[in-house]
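These notes are about the structure you will find just below.
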Amino acid sequence: MDNADRDAGKGRRWAFSRRSIFGIGALGLAVPTLTAAVTSNGTPARAAGATRKITIYAESLGNNQYGYGLERGKATIPGPILEMYEGDTLEITLVNTTDQRLSIHPHGVDYDTTSDGSPFNGSFNAPGETRTYTWRSHEMTAAAGRRFLPGSAGYWHYHDHAMGTDHGTAGVLRGLYGALIVRRRGDILPDKQFVAVLHDTTINNRIAPDTPIFEANLGQRVEWVAIGHGNLYHTFHLHSHRWADNRTGYLEGPSDPSASIDNKDLGPGSSFGFQVLAGDGGGPGAWMYHCHVQSHSDTGMSGVFLVRNADGSMPAGAQEAIDRFKGHRHIQSDHGGHTG
Amino acid sequence: MDNADRDAGKGRRWAFSRRSIFGIGALGLAVPTLTAAVTSNGTPARAAGATRKITIYAESLGNNQYGYGLERGKATIPGPILEMYEGDTLEITLVNTTDQRLSIHPHGVDYDTTSDGSPFNGSFNAPGETRTYTWRSHEMTAAAGRRFLPGSAGYWHYHDHAMGTDHGTAGVLRGLYGALIVRRRGDILPDKQFVAVLHDTTINNRIAPDTPIFEANLGQRVEWVAIGHGNLYHTFHLHSHRWADNRTGYLEGPSDPSASIDNKDLGPGSSFGFQVLAGDGGGPGAWMYHCHVQSHSDTGMSGVFLVRNADGSMPAGAQEAIDRFKGHRHIQSDHGGHTG
Amino acid sequence: MDNADRDAGKGRRWAFSRRSIFGIGALGLAVPTLTAAVTSNGTPARAAGATRKITIYAESLGNNQYGYGLERGKATIPGPILEMYEGDTLEITLVNTTDQRLSIHPHGVDYDTTSDGSPFNGSFNAPGETRTYTWRSHEMTAAAGRRFLPGSAGYWHYHDHAMGTDHGTAGVLRGLYGALIVRRRGDILPDKQFVAVLHDTTINNRIAPDTPIFEANLGQRVEWVAIGHGNLYHTFHLHSHRWADNRTGYLEGPSDPSASIDNKDLGPGSSFGFQVLAGDGGGPGAWMYHCHVQSHSDTGMSGVFLVRNADGSMPAGAQEAIDRFKGHRHIQSDHGGHTG
């Protein structure tokens, strides 16, 4: 763990998710460095951060599905959660093990045209090719008076931008996407992380009852990242939990004017995230999360957020609810292939 | 009127809307109580509030339309505006007078799985059945440092989650929805309240020229609640009035960074609200509100906000505008049945 | 330049865009005046501002396209950027040089029913007719306690509301739209301004590779205004730049809770704007902006933001990217006619 992480992690209660690479020390080489300072040409100088190097494998999962993974043969849909602190740099060596042109394109962070991930900028992996993409990030910087240009912190995402079309339409359709989280120093860290990609008529390229069952114990701090993809608009709804419609999902102070919501419009390419305390208000039980477009939820864009009792035991009625859910018959969609 | 209402109502200038149950004392039994404090398992304790008991009747309105009402035989589309202050509890006895499975599912508030209103949790009324649903609410609570988990305050809504499909698609289609407002102590109270549900190609299951004509006198504080439902995305536009895109629609202070808007994307399951002074800036007259999706406004998702003169008289030109509107011919939609 | 502009312009570094009329003195007659104070009937009195008079010509551009222009024979799609400071009034003499009924309807500002631009209020230009529309604006005003009603400042837009249907569907379809910016005193002024109207399957009624190539030098402060129109929902995405999801796109202070985004849902009638430093983070190069709905970007809703080197020279690789873009073949749409 490098210095940046050590400072930021003071007193944190962090449970690494299976696929999170927040503490990337074990997976790559951390090299403190300066991010590109461009003061000579008018853009702000940025604070130093840590540079982390990771390798990502883009692989075929069979059944016309593709995924990103941190180890060969371990690709998933969605891909691994990638995390940075503002100021950090991520150097990604993307290994294309497939026979398709593909790339990795991030939202939110800073990158040169050579790391754009677009055929437009000649930035992609040919079949079988290995290529490095560099993503930088920065803290907020003074713009004028008391105004600031926002830092990179946010609930972002990454995806292919080269398979099938110059916008990566086939890559996205087949599963080449994942969450990218950039944190501001001092942000509250979660105990658990869940990613729901609302994509055409699927969640994470699956339809109910094969959509994820996300589990947490009552009171655990759970971080959700919701991402939109494909051709359809969606709305993400979570039962019996709500969050602030701002950067973090919690209020920055008593006068934070942000609305509280439990349903948010989510078009392709948009993303947001928030933290909730599992069962806060409603208690333990099996809670639905779903797209609120009626024809989408009816045909399978629905999943389960299982809030266990504080000791991890199953709450009354939860198994029955899940059994009921598993017994549901939804209309098959084109994108319902299993990937795991 | 119970204590909670009395405190909150100090000096307020409140005109009860026909269907509002903000001051629920006359309609139900107010019982001060503690909301569920779950400190033993990690979620925050909540402040005490008032418990109000009401009865709602779910009824057939004929013409394949259904509604919720506070009295037998008085169901409407949308249903009554339900209101709470943060900390209050609402105990709803739902009487299902129909031959259909149905329920009531709220957004924004806290409820156990038994009050989820979903077949998934076995929470619904069989035909003819009476069942109680309990909705709790809470104030903001400290999360860490100076951060706060948002309270329940918001412009929410409620709807059926059981008729036709496990997501209540038929119930929503036929009119089983309404507004739910949770206020924070100190929120400014309105003189008038209007609810516009943008639902498939209708507003409140009606199409122009049979959509509501909402009326207020110049300068009255008018509260709008806009709700999205069904399968289509919409945008809500109000002529010559604008509001802040935050929790309340007014700015919390001079440094509130919220954008000012007069048109807002509104997908199914989303909702928002705001207050305007009637005619503020534009003066009295007949003003349009409509979905800004061109094919939707052209086929009938349009209505009239009539701002009368301050003394209640008709402003010049307003009757002519309404006559023009009433003479419009819109393409008939499937959902245009009259319900009132 | 009138007094209002002189005060607001202190120390500003302003490069007038070709079509901006921010400093309207050269184009019209500036007459300081009081905006309508309606204290006698309950709405707030407003501060005095400047009144500017301009003439706009609505013209046929051939090929079934129409545009607004500040000079006869110079109409464009989108029309000129119109700008005001809060408190200012704009008196627009609209000359209809076409054989169609049409109008001009603004978002965000204040106007009487006679300036509504809607057939509903009898406010439109018959074929060949000249008519004056008055748009007022106001600063934020105290609402109660420390709350404020928002001022008019915002990234708004204007459009026809009378051609083809009573909602101006044909006028919008054919190009009668433009950006309207209302600034708050003290807002940071940009060096460059770009307007992207996401409209059906086009950007500014064009499809790639004929969509605009917007150019700026590295570090210039660039203001984008994105507007949604038509029947489809869109999402606006800009590569390697991001902004705060609030009124201005920059943070109002370190505790501004707004999310940072680089992709925003954009339904018909909605609009937003933001400022970025060109190449901030990513450096010079050719960057894509596009609708992130995959089928929309694939069929031509994509353009180029060319960030030149600080000295205006072409960055390495940029010409190759543009050549690649120009060589793209997109599926033709109905709305791809060239207009200028």
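Residue numbers (our numbering), protein chains in the order written: chain V, 7 to 346; chain S, 7 to 346; chain L, 7 to 346.
Beta carbons are placed, not taken as given, at the ideal position from N, Cα and C, and that holds for glycine.
Contact of residue 248 of chain L with chain V by beta-carbon distance below 7 Å involves 114 and 156. One finds 287 in chain V with Cβ atoms closer than 8 Å to the Cβ of residue 144 of chain S, taken in chain order. Note: residue 256 of chain V is not bridge-paired with any residue in the DSSP secondary-structure output.
Every alpha helix (DSSP H) stretch that sits fully inside the segment 164-232 of chain S and reaches 4 residues is listed by chain position as 175-180. Beta-bridge partners of residue 309 of chain L (DSSP): L:295.
The C-beta of residue 273 of chain V comes closer than 7 Å to at least one C-beta of chain L.
Neighbourhood of residue 166 of chain L in chain S, by CB distance below 9 Å: empty, with the nearest CB roughly 11 Å away. By the neighbour-count definition (other C-beta atoms within 10 Å, threshold 16), residue 332 of chain V is an exposed residue. In the same chain as residue 290 of chain L, and ignoring 5 residues on each side of it, the C-beta atoms closer than 7 Å to its own belong to 224, 313, 314, 315 and 321, in chain order.
Under the 10 Å beta carbon count, residue 69 of chain L is surrounded by fewer than 16 other beta carbons and is classified as exposed. The straight-line gap separating the alpha-carbon atoms of residue 248 of chain V and residue 141 of chain S is approximately 14 Å. Legend: CB atoms of the segment 215-248 of chain L lying less than 7 Å from CB atoms of chain V belong to residues 224, 225, 239, 241, 243, 245, 246 and 248.
At least one CB of chain S lies nearer than 7 Å to the CB of residue 264 of chain L. Under a 10 Å Cβ-count criterion, residue 326 of chain S is classified as exposed, with fewer than 16 other Cβ atoms of the shown protein chains found around its own Cβ. Ranked by Cα distance from residue 233 of chain V, the first of V:246, V:210 and V:215 is V:210. In chain order, 241, 243 and 298 place their CB closer than 6 Å to the CB of residue 269 of chain L, counting only its own chain and leaving out the 5 sequence neighbours on each side. The beta carbon of residue 132 of chain L does not come within 7 Å of any beta carbon belonging to chain S, so the residue lies off that interface.
About 7 Å separates the Cβ atoms of residue 257 of chain V and residue 153 of chain S, confirming a contact at the 8 Å cut-off. For residue 324 of chain L, the secondary structure class from DSSP, reduced to helix, strand or coil, is helix. Within its own chain, the residues whose Cβ lies closer than 7 Å to the Cβ of residue 132 of chain L, once the five positions on either side in sequence are excluded, are 107, listed in chain order. In the structure shown, residue 80 of chain V adopts coil according to DSSP, grouped into three states.
If you look at residue 271 of chain V, you'll find it in the beta strand (DSSP E) that goes 269-272. By the neighbour-count definition (other C-beta atoms within 10 Å, threshold 16), residue 317 of chain S is an exposed residue. Sequence-distant Cβ neighbours of residue 119 of chain V in its own chain, meaning closer than 8 Å and more than five residues away, are 127 and 129. Here residue 262 of chain L carries a coil assignment [DSSP, helix/strand/coil]. Across the segment 314-327 of chain V, CB contacts with chain S closer than 9 Å involve 315, 316, 317, 321, 322, 323, 324, 326 and 327, in sequence order along the chain. From the listed residues V:293, V:281 and V:311, the smallest Cα separation to residue 220 of chain V is found for V:311.
Not a single CB atom of chain S sits nearer than 7 Å to the CB of residue 180 of chain L. At the C-beta level, residue 277 of chain S and residue 161 of chain S come within 7 Å of one another. Using a C-beta cut-off of 8 Å, the segment 85-103 of chain L makes contact with the segment 181-200 of chain L, since at least three inter-stretch Cβ pairs fall below that distance. By the neighbour-count definition (other C-beta atoms within 10 Å, threshold 16), residue 329 of chain S is an exposed residue. For residue 277 of chain V, the enclosing beta strand (DSSP E) stretches over residues 277-283. Burial is judged here by how many other beta carbons sit within 10 angstroms of a residue's own beta carbon; residue 215 of chain L has at least 16 and is buried. A Cβ-Cβ distance of about 7 Å is found for the pair residue 261 of chain S and residue 259 of chain L, placing them in contact under the 8 Å criterion. In the structure shown, the three-state DSSP call for residue 105 of chain L is coil. Between the alpha carbons of residue 124 of chain L and residue 139 of chain L lies a gap of roughly 11 Å.
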